[in-house]
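Residue numbers (our numbering): -12 to 542.
Glycine included, every Cβ here is placed at the ideal spot set by N, Cα and C.
Computed from a predicted model, the values in this text were never measured in an experiment.
Below is one structure, written out as structure tokens; the observations come after it.
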Amino acid sequence: MAEAILYNVTADIIFKLGSSALQELGLLWGVNDELDKLKHSLSAIQAVLLDAEEQQSKSLAVKAWVSRLKDALYEIDDLVDESSYETLRRQVLAKDQRKRKLVRILFSKFKSNWKIDHKIKDIRQRLQSINDDKNQFSFSEHVIEKRDDEELRKRRETYSYILEEEVIGHPSNPEKLDQSSSLIQIGREIVSKLKGVPLTIRTIGGLLKDNKSKRVWLSFKDNELHRILGQGQDNLKEVRLILELSYKYLPANLKQCFLYCALFPKDYEIKTHELILMWSAQGFIQPNGSKDNSLIDIGNDYFMELLSRSFFQEVTKNERGDIIACKMHDLMHDLACWIADNECNVINIGTRHFSWKDQYSHKDQLLRSLSKVTNLRTFFMLDSANDLKWEFTKILHDHLQLRALYFKNLKNAMIVLEFTGKLKHLRYLSIMDSFILNLPDSITELYNLETLILRNSSFKMLPDNIGNLINLKHLDLSNNRNLKFLPDSISDLCKLEELILHGCLRLEEFPEDTKKLINLKHLSICGCLSLTYLPKRLGELSDLQILRFQINRID
């Protein structure tokens, strides 16, 4: 059921393999032929992935084939990502005239040290074997039409999210429906079949809300719904089948985002902004080609679409009316865990995303099992576990391909931070409510890092080379108790979109040169009581949309 997701993942890797940057590297290292063969095999496999989705639920052999493919895709993605990291490293080092010769030496040595040609050849041969094996299943070829995410944005502007009184056929709000009496009648018939269960009513309402065709509604009532309700299942089973049906009709990118939420425990309050940042770190949010929409804007559209279909509920809003948190219904959470299968929180070799809970028993055994996982992408520590700080360092050592890392309440966060500089693939790093005296310089080598959250910390300064984080878009240093100034190099963060400094009581200085922060959209300096000066050039930042400040005085 989740293999429409693999279709998108495959398409994304094919795109990366064809990028000019990777082609340039391939030419430099003499591996372009292998890269082209890899791309050809992926294209052949992609054509049959949708049919493989339909067949794997009925065949263990197909399911095993899909699993082999999934492992290979993750490995290829890591391979491409590590190549991109070296390109970024070259860009950073080349900024320093004195290091340009060193760049040429390091880059020429990278091929031999990393054995790039052997790795590409090995994975290409594995993929070719997978491609050959697909012929035994007689898959049919299908292509997905790419969905325009701009359409999600337009639809999002027409609703906040579906309330119970806005669902199909509710008499208190008929103006929200097509005024056709026949549509209203069909809607009422659907509601009556759903036996008054609010979750299923909202879910089906979210499924049908964008298509006001009488033919589509009738087909759904007489076919899809009849198939589910006509099997004589108990009520709970029927509800699950309806939720599964709603998932089936999600676009592949939204399926990825929904399944990722199996990472969180039941009844967990999910912070929406951080969830969207983690989606971005995993590559789930696809750019729509518009310069006006950042990935976070698009991710917010994804969230609102899922909310409108009742995949999320119990939203919490701030004083401005923005949704800042939500929960998942227990049955929706069960659905996510079931479809995600072994990828979230069930430790085996195929686990991709894992959340640590302090109430786990047999922690030593759990850690040993986790060390056997081969491609962990997310480690999310929900509770403090200070008695296991050294073991967590081992987790990082065993999982250098991590994309998202979240820690909270660590007394010895420095031990973890010292090691994070080795995580070349890391996009999201959040360490909150932890004792951090100094930030190691190695953190400035995380060239892929997009989000850095260090809330409620006590370090006195950022590394001088913080500007080397050339992909950083979101920097949150709120409620730091000792930070007095920001290094000048912070102005080199050209991709920075969000800088959150509220509650930094001792912050005295803001960098004078802000003209290169051309993508900054959100700056918060509320509660910076020691700050008395703001650079005049802040007013020249044309993309700045939100400026929040509350300070004693400005000279």
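Residue i vs residue j beta-carbon contact at 9 angstroms
i, j, result
"Leu410", "Leu389", "yes"
"Lys108", "Glu21", "yes"
"Ala323", "Leu246", "yes"
"His386", "Phe366", "yes"
"Ile418", "Lys395", "yes"
"Ile191", "Leu216", "no"
"Ser70", "Leu9", "yes"
"Arg414", "Glu432", "no"
"Asn362", "Glu62", "yes"
"Asp451", "Pro474", "yes"
"Thr(-3)", "Gln33", "yes"
"Thr187", "Val226", "yes"
"Leu369", "Pro252", "yes"
"Glu496", "Leu462", "no"
"Leu(-7)", "Leu36", "yes"
"Arg493", "Lys471", "yes"
"Gln532", "Lys508", "yes"
"Ile171", "Leu205", "no"
"Ser429", "Gly454", "no"
"Lys482", "Ile283", "no"
"Tyr434", "Val79", "yes"
"Ala327", "Ala249", "yes"
"Met315", "Ile257", "yes"
Counterpart residues of residue i in DSSP-defined beta bridges
i, result
"Gln300", "Lys314"
"Cys331", "His340"
"Phe258", "According to the sequence displayed, residue 258 carries Lys and not Phe. In DSSP, Lys258 forms a bridge with Ala312."
"Leu510", "Leu486, Leu534"
"Glu496", "Phe472"
Three-state secondary structure assigned by DSSP to residue i
i, result
"Ile440", "strand"
"Gln532", "coil"
"Ile107", "helix"
"Gln269", "coil"
"Leu230", "helix"
"Ile543", "Since the displayed the chain opens at -12 and closes at 542, residue 543 lies outside it and no answer follows."
"Lys163", "Low confidence applies to Lys163: its pLDDT is 48, below 50, so where it sits in the model is not reliable enough to give any reading."
"Leu462", "strand"
"Ile0", "helix"
"Ile283", "helix"
"Tyr(-6)", "helix"
"His320", "helix"
"Tyr520", "coil"
"Gln78", "helix"
"Leu357", "helix"
"Tyr236", "coil"
"Pro185", "helix"
"Lys253", "coil"
"His386", "coil"
"Arg307", "coil"
"Ser277", "coil"
"Ser457", "Correcting the residue identity first, residue 457 is Ile in this sequence and not Ser. Note: Ile457 maps to coil in three-state DSSP."
"Asn118", "helix"
"Asn467", "coil"
"Asn222", "helix"
"Leu264", "helix"
"Leu60", "helix"
Residue range of the unbroken beta strand (DSSP E) whose run includes residue i
i, result
"Lys395", "391 to 395"
"Ile487", "485 to 487"
"Phe366", "365 to 368"
Residue i, enclosing alpha helix (DSSP H) - first and last residue
i, result
"Leu12", "7 to 16"
"Asp197", "Unbroken run through Asp197: none, as it is neither H nor E."
"Gln172", "168 to 180"
"Ile453", "Run containing Ile453: none; DSSP gives neither H nor E here."
"Lys201", "201 to 206"
"Phe245", "239 to 247"
"His129", "Premise fails: His129 is in no alpha helix (DSSP H) and is neither H nor E."
"Leu449", "It is not in any alpha helix (DSSP H) - Leu449 carries neither H nor E in the DSSP assignment."
"Leu216", "213 to 216"
Extract the residue ranges of the alpha helix (DSSP H) inside the stretch 396 to 435, only unbroken runs of 4 or more that lie entirely within it. 400 to 407
Pick out the complete alpha helix (DSSP H) segments inside the stretch 29 to 56, 4 residues or longer, and give them in chain order. 36 to 43
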